[in-house]
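S.K.: Numbering (my numbering) for the sequence shown: 694 to 1070.
One structure follows; several queries about it will come next.
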Amino acid sequence: MVEMKKIELSIPDLQGNEEDYVVDAIRSTWISSTGKYVNEFERMFTDIAGTQQAISVCNGTVALHLALLALDVRPGDEVIVPSLTYIATANAVRYVGAEPVFVDVSPETWCMDPELTEQAITRKTKGIIAVDLYGHPADMDAINHIAAIHGLWVVEDAAEAHTAKYKGRRAGSLAKIGTFSFYGNKVFTSGEGGAITVNDPDLALRIRTLRGQGMDPDRRYYFPITGYNFRLTNVACAILCAQLERAGSIIAKRQSVFNRYRELLDGVPGIDFQPVAEWAEPAPWLFSITIDPASFGCNRDDLADYLRGNGVDTRPFFIPLHSLPPFRNESAARGEHLPITDALAASGLNLPTHAFLTEEDIVSVCDLIRACGKIKK
Ligand SMILES: Cc1ncc(COP(=O)(O)O)c(C=O)c1O
């Protein structure tokens, strides 16, 4: 019997100097959160994000939490977030005792709708977390403009958008604070890891102080404030340095996967691609499609089951946060109604995207998608 080839959703690409640098970090004995790879990573990542500073932290959730701590968000405050995102965006708001208020996304970007964001502002609103969903930047000029009028701050959650650009500017540099994740499925990864990107030196100092237990930068072991241990290790930064020195080729490979999917799935009835705004250069994270059951022949879940049955792993879009148990009662009490988010969440699917996909694999995924639509019709 021929064994069915399994096509994974995501596999980290660790084919460069990752192993050598990790061995070097171990041999140097600098395995905690100081060492040359931490410094080098923080320097290199400023080029990716286009900011004055990049601050390594232990994951993308912590990056958001630390951003909100640095901005002094408190119990009783409200923070406006999209509902179509990973749960970390809203969890971080709860960590500081504040309440996430959910807004719908725009069909043109799948990111938070600036007009609806403005309508959600109340007297309790302190800021906005805009998410660059599935690698596509949010409309940050519009969001920053609204925030400026109402005296709010903006955080850009660029966890999924490494190297994306907005009107030529880099994701991570588009708000007061940018945050990134380096989880194993991300474009650049250290398994677990994250970064905060900022231009303001005072804010950067506050973030670094909070990250390191609140220690006074000029007086060792003196702690003027309550801080956290949110640091990333030199070993993880060694992996990230090896990733970033190959940033161009990592992106190019993923982009070629995106291009093939677009060519091969173009014109399949009922399949639509992630939209790209004219001002956006999205990051090639996970290739995303939507399925219209009426013209395709079956719904998203049937397609995902069919692909899984044929060895292909996929991922449905995020379940809208406003419908999940930690948030749904508060959301219902506010009367939130987010039809675009609900429709995308029910119809969207992320396809396998990684460096080890062969031409045959991509053709096979697309053939299976076409076949599924025809069988089910
Ligand atoms: C939009 C978004 N924000 C935040 C996070 C949290 O990052 P981490 O998993 O590194 O904590 C992720 C993903 O993992 C994400 O996709």
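All C-beta atoms, glycine included, are put in the ideal place defined by N, C-alpha and C.
#1: Span of the beta strand (DSSP E) holding Q746?
#2: Give the secondary structure of S725 by DSSP, where H, G and I count as helix, E and B as strand, and everything else as coil.
#3: Rounded to whole angstroms, how far is the Cβ of V848 from the Cβ of G865, which I believe are closer than 8 Å?
#4: Between which two residues does the alpha helix (DSSP H) holding S956 run?
#5: Could you tell me which of R904, L1050, R953, I700 sits nearest to T919, measuring between CA atoms?
#6: Does DSSP put M737 in a helix, in a strand, or in coil?
#7: Going by alpha carbons, who is nearest to A1036 out of T983, F966, N1003?
#8: Are the CB atoms of I900 and L777 within a distance shorter than 9 Å?
#9: Go through its chain and collect everything with a Cβ distance to S725's Cβ below 7 Å, but skip five positions before and after it.
#10: Under a three-way DSSP split, which group does M833 fall into?
#11: Indicate whether S1040 and N1003 have their beta-carbon atoms separated by less than 9 Å.
#12: Based on DSSP bridge pairs, tell me the residues matched to N927.
#13: Relative to the C-alpha of G728, which residue among A931, C804, F873 is closest?
#14: With distance defined between alpha-carbon atoms, name the residue in D995, A835, L762, Q906 nearest to W972.
#15: Among residues of its own chain, excluding the 5 on either side of V772, which ones have a beta-carbon nearer than 8 Å to its beta-carbon?
#16: Does the beta-carbon of T778, which I'm using as the reference point, lie nearer than 8 Å to any heavy atom of ligand 1?
#17: Should the segment 705-714 be called in touch with the segment 1008-1015, which here means at least 3 C-beta pairs below 8 Å?
#18: Considering V848, what are the terminal residues of the alpha helix (DSSP H) in which it resides?
#19: Does DSSP put K858 in a helix, in a strand, or in coil?
#20: Here's a check: name, in chain order, each residue in its chain whose Cβ is nearer than 6 Å to the Cβ of S874, leaving out the five neighbours to either side.
#21: Ligand 1 and F875: does the residue's C-beta get closer than 8 Å to at least one heavy atom of that ligand?
#22: Closer than 8 Å to a non-hydrogen atom of ligand 1 - does that hold for the CB of V847?
#23: Using DSSP with H/G/I as helix, E/B as strand and the rest coil, what is A813?
#24: For K698, which residues from the same chain have a beta carbon less than 7 Å from its beta carbon, with the 5 sequence-adjacent residues on both sides left out?
#25: Under 7 Å Cβ to Cβ from A781, same chain only, skipping five residues before and after it: list those, please.
#26: Using 10 angstroms around the beta-carbon of E735, count the other beta-carbons present and answer buried if the total reaches 16, otherwise exposed.
#27: Between the C-alpha atoms of F989 and H1030, what's the straight-line distance to the nearest angstrom?
#28: Which first and last residues belong to the alpha helix (DSSP H) in which I982 is found?
#29: Determine, using beta carbons only, whether V950 and R1063 come nearer to each other than 9 Å.
#30: CB of T1007 to nearest heavy atom of ligand 1: below 8 Å?
M.R.: A quick look at the data gives this:
#1: By one-based count along the sequence shown, residue 746 stands at place 53. In the DSSP assignment, Q746 falls within the beta strand (DSSP E) that extends over 746-750.
#2: Numbered from its first residue, the sequence shown carries residue 725 at position 32. Looking at S725 - three-state DSSP - the assignment turns out to be coil, as it is neither helix nor strand.
#3: In the sequence shown, residue 848 corresponds to position 155, counting from 1. In the sequence shown, residue 865 corresponds to position 172, counting from 1. Wrong, their Cβ atoms sit about 11 Å apart, outside the cutoff.
#4: Numbered from 1 along the sequence shown, position 263 holds the residue referred to as residue 956. The amino acid at residue 956 is misidentified as Ser; the sequence shows Glu. Counting along the chain, the alpha helix (DSSP H) containing E956 begins and ends at 940-958.
#5: If you number the sequence shown from 1, residue 919 lands on position 226. Among R904, L1050, R953, I700, the Cα nearest to that of T919 is on R904.
#6: Here residue 737 is taken as the residue at index 44 of the sequence shown, counted from 1. Looking at M737 - three-state DSSP - the assignment turns out to be helix.
#7: Taking the first residue of the sequence shown as 1, we reach residue 1036 at position 343. Sorting T983, F966, N1003 by C-alpha distance to the C-alpha of A1036 places T983 at the top.
#8: What you label residue 777 is simply residue 84 of the sequence shown in a count that begins at 1. What you label residue 900 is simply residue 207 of the sequence shown in a count that begins at 1. Between L777 and I900, the gap from beta carbon to beta carbon reaches 9 Å or more.
#9: Looking up residue 725 in the sequence shown gives position 32. Apart from the 5 residues on each side of it in sequence, S725 sits with its Cβ closer than 7 Å to the Cβ of T926, N927 in its chain, given in chain order.
#10: Locating residue 833 in the sequence shown gives position 140, counting from the first residue. Here M833 sits in helix by DSSP.
#11: Walking along the sequence shown from the start, residue 1040 turns up at place 347. Walking along the sequence shown from the start, residue 1003 turns up at place 310. Not a contact, by the Cβ cut-off of 9 Å.
#12: Numbered from 1 along the sequence shown, position 234 holds the residue referred to as residue 927. Here N927 is not bridged, per DSSP, to any residue.
#13: Your numbering for residue 728 matches position 35 in the sequence shown. Nearest C-alpha to G728: A931.
#14: Taking the sequence shown and counting its residues from 1, one reaches residue 972 at position 279. If we check each option's Cα against that of W972, A835 comes out closest.
#15: Counting from 1 along the sequence shown, the entry for residue 772 is found at position 79. Cβ-Cβ distances below 8 Å link V772 to L761, V766, V786, A791, E792, P793, V794, T818, K819, G820, I821, I822 in the same chain, with the five nearest sequence neighbours on each side left out; the list follows chain order.
#16: One-based indexing of the sequence shown puts residue 778 at position 85. Answer for T778: yes, Cβ within range of ligand 1.
#17: With a cut-off of 8 Å, the segment 1008-1015 and the segment 705-714 do not count as touching, because too few Cβ pairs lie within range.
#18: Translated into the one-based positions of the sequence shown, residue 848 becomes position 155. Counting along the chain, V848 sits inside no alpha helix (DSSP H); it lies in the beta strand (DSSP E) bounded by residues 846-850.
#19: Taking the sequence shown and counting its residues from 1, the one referred to as residue 858 is at position 165. K858 falls in the strand class under three-state DSSP.
#20: Within the sequence shown, the letter at position 181 stands for residue 874. A distance below 6 Å between beta-carbons, with the five flanking residues on each side excluded, links S874 to the following residues of its chain, in chain order: G753, A852, G887.
#21: Numbered from 1 along the sequence shown, position 182 holds the residue referred to as residue 875. In this structure, F875 has its CB closer than 8 Å to one or more heavy atoms of ligand 1.
#22: As a first step, residue 847 must be located in the sequence shown, where it is residue number 154. If you check the C-beta of V847 against ligand 1, you find no heavy atom less than 8 Å away.
#23: Within the sequence shown, the letter at position 120 stands for residue 813. It is coil, neither helix nor strand.
#24: Here the question's residue 698 lines up with position 5 in the sequence shown. Excluding residues up to 5 positions away in sequence, G1004 lie with their Cβ nearer than 7 Å to the Cβ of K698 in the same chain.
#25: Counting from one through the sequence shown, the residue named residue 781 turns up at place 88. Taking A781 as the centre and dropping the five residues before and after it, the same chain places the C-beta of G753, T754, L757 closer than 7 Å to its C-beta, in chain order.
#26: The residue labelled residue 735 in the question sits at position 42 within the sequence shown. Counting Cβ neighbours within 10 Å, E735 comes out buried, since at least 16 surround it.
#27: Along the sequence shown, read from residue 1 onward, the residue named residue 989 stands at position 296. Along the sequence shown, read from residue 1 onward, the residue named residue 1030 stands at position 337. Rounded to the nearest angstrom, the two C-alpha atoms are 27 Å apart.
#28: Sequence index remark: in the sequence shown, residue 982 carries index 289 (1-based). Counting along the chain, I982 falls outside any alpha helix (DSSP H), though it belongs to the beta strand (DSSP E) covering 981-984.
#29: By one-based count along the sequence shown, residue 950 stands at place 257. By one-based count along the sequence shown, residue 1063 stands at place 370. In this structure, V950 keeps its C-beta atom at 9 Å or more from the C-beta atom of R1063.
#30: To locate residue 1007, count along the sequence shown from 1; it is residue 314. No; taking the cut-off as 8 Å, the Cβ of T1007 has no heavy atom of ligand 1 nearer than that.
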